[in-house]
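In our numbering, the protein residues as written are 886 to 1214. Glycine included, C-beta positions come from ideal geometry on N, C-alpha and C. Source: prediction; values computed, not measured.
Take a look at the structure:
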């Protein structure tokens, strides 16, 4: 049966079947080949897209804009609207839905992107909330497909660090959907909620996925095909650096951890930005306060042959393009 995602929202991958996710990944591959060949399309010609941003961004904004331009769409970047201040989310959604063919939201509350979808009357795409980051997961799985010589349902993906943040949640959801072996390696107090784990275990029972959580680093990373981490402190949690460094310093992805996988071809993944050195304002500040040169990943691993982080970053553009083409193209 042909797959059509026309008119669909992308709020979380929970809402998509494994076949629909595979369709988006295959479409992403096709669009990447097309761009590499220098071919620009018109699958979004005549479409207008608005990007709503509460949180700062490099990859998400640029990926949406370039992806839209490549296929002929026009884009408005909006970070200073009245939404939630002088105008309700409902009213804002209804206005924007009259102007635009698609709406992207990157911000804090999942409820906000859900309300936009409820009232806009056009597809709404989640560019990141505190709970979920679905466009990143599509890029991650595309990158795994390119670098790991196994089908996704034979891949062991290990997420190390704060396993209850939006990336830990979203990787577990995606892995459950695609039948993967997912391991969250974290302190027990940073495991995802029991409710979300139980919900995804039901999905895993149908797809053959295996979901595990452990605070045992050696056991968790053994035989991994991919090691994934994210920053220890998310946007809006900047007052928690001392607490998280104390909790997560033993979970830094370094070359010792990579060797514990017993897989010379293991890849390292990160959604970026990364505190792998002191060449940022925050990185320098943390180094001066806490005496560490890197946080969630060592500079050695970040720059090593194992690292595919910039392929991931590029694939944000191709997968976001696929989402827009599939839903409004």
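Could you tell me the boundaries of the alpha helix (DSSP H) in which residue i lies?
i            : result
residue 906  : 903-921
residue 1122 : Here residue 1122 belongs to no alpha helix (DSSP H), and DSSP marks it neither H nor E.
residue 1003 : 995-1005
residue 1088 : 1079-1092
residue 1182 : Per DSSP, residue 1182 belongs to no alpha helix (DSSP H) and is neither H nor E.
residue 1104 : 1102-1106
Assign residue i to one of three DSSP states: helix, strand, or coil.
i            : result
residue 1192 : strand
residue 1160 : coil
residue 888  : coil
residue 1152 : strand
residue 1032 : helix
residue 952  : helix
residue 1049 : coil
residue 1177 : coil
residue 1141 : helix
residue 1114 : strand
residue 1203 : helix
residue 895  : strand
residue 1069 : strand
residue 930  : coil
residue 984  : helix
residue 966  : coil
residue 1214 : coil
residue 1054 : helix
residue 1187 : helix
residue 943  : coil
residue 1020 : helix
With distances taken from CA atoms, which of the options is nearest residue i?
i            : options                : result
residue 944  : 961, 1194, 1136, 1214  : 1194
residue 932  : 1119, 961, 1191        : 961
residue 1137 : 969, 981, 1047, 894    : 1047
residue 910  : 1114, 1084, 1059, 1162 : 1059
residue 1042 : 1029, 1207, 1159       : 1029
residue 955  : 977, 923, 976          : 923
residue 1168 : 1073, 1143, 1118, 1139 : 1118
residue 1199 : 1142, 917, 1150, 1005  : 917
residue 1121 : 994, 1099, 987         : 994
residue 1075 : 1105, 1049, 914        : 1049
residue 1067 : 887, 987, 1086         : 1086
residue 1180 : 1150, 1132, 1189       : 1132
residue 957  : 929, 977, 950, 983     : 929
residue 1071 : 1065, 1054, 1084, 1062 : 1054
residue 907  : 1024, 1105, 1078, 1189 : 1024
Span of the beta strand (DSSP E) holding residue i?
i            : result
residue 933  : 933-938
residue 972  : Careful: residue 972 lies outside any beta strand (DSSP E) and carries neither H nor E.
residue 961  : 959-963
residue 1009 : 1009-1013
residue 1096 : 1095-1099
Keeping to the same chain, check which residues put their C-beta closer than 8 Å to that of residue i; ignore five residues upstream and five downstream.
i            : result
residue 827  : A question about residue 827 goes unanswered here, because the residues of the chain that appear run from 886 up to 1214.
residue 992  : 937, 938, 939, 940, 998, 1013, 1014
residue 1107 : 1145, 1146, 1147
residue 963  : 935, 936, 937, 938
residue 1184 : 1161, 1162, 1178
residue 1196 : 1028, 1031, 1032
residue 947  : 1202
residue 952  : 1202, 1203, 1205, 1206, 1209
residue 1052 : 1018, 1021, 1044, 1113, 1115, 1156
residue 914  : 1027, 1030, 1203
Can you list, in chain order, the residues of its chain with a C-beta nearer than 6 Å to that of residue i? Leave out the 5 residues immediately preceding and following it.
i            : result
residue 1033 : 1040, 1110
residue 1153 : 1112, 1186, 1191, 1192
residue 971  : none
residue 897  : 1017, 1019
residue 920  : none
residue 959  : 933
Spatial neighbours of residue i within its chain, please: CB distance less than 7 Å, with the 5 preceding and 5 following residues excluded, ordered by chain position.
i            : result
residue 902  : none
residue 942  : 991
residue 1224 : A question about residue 1224 goes unanswered here, because the residues of the chain that appear run from 886 up to 1214.
residue 1127 : none
residue 1175 : 1130
By DSSP's criteria, residue i is part of a beta bridge. Which residues make up the other side?
i            : result
residue 991  : 938, 1013
residue 1136 : Answer is none; residue 1136 lacks a bridge partner.
residue 1042 : 1067, 1111
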